[in-house]
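Asks: Sequential numbering of the sequence shown, starting at 763, is according to the working numbering.
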Amino acid sequence: MTSTGLLVMLLSVGTVASLFGWCIYKVLTTPRETEKVHGVELHTPDMDGEG
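(1) May I ask you to report which of helix, strand or coil DSSP gives T806?
(2) What is the residue span of the alpha helix (DSSP H) that G801 lies within?
(3) Report the three-state DSSP secondary structure of M771 (helix, strand or coil).
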């Protein structure tokens, strides 16, 4: 592998690893996030009982 290829690979892997680490950090440190999660109640036409 050439030095340019190695540099591109290291930058790519480093960027993805940094983004992954930031996402994990945000998920674990956001306070009271579960209070903001709402359920979704779907109503489709086949639930009307006609048919």
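Glycine residues also receive a C-beta, built at the ideal position from the N, C-alpha and C atoms. Predicted model only: the values in this text are computed from it and were never measured.
Replies: Walking through what the data contain:
(1) The residue you call residue 806 lines up with position 44 of the sequence shown. Taken through DSSP and simplified to helix, strand or coil, T806 comes out as coil.
(2) Here residue 801 corresponds to residue number 39 of the sequence shown, with the count starting at 1. Where G801 is concerned, there is no enclosing alpha helix (DSSP H), given that its DSSP letter is neither H nor E.
(3) As a position in the sequence shown, residue 771 is number 9, starting the count at 1. If DSSP states are grouped into helix, strand and coil, M771 belongs with the helices.
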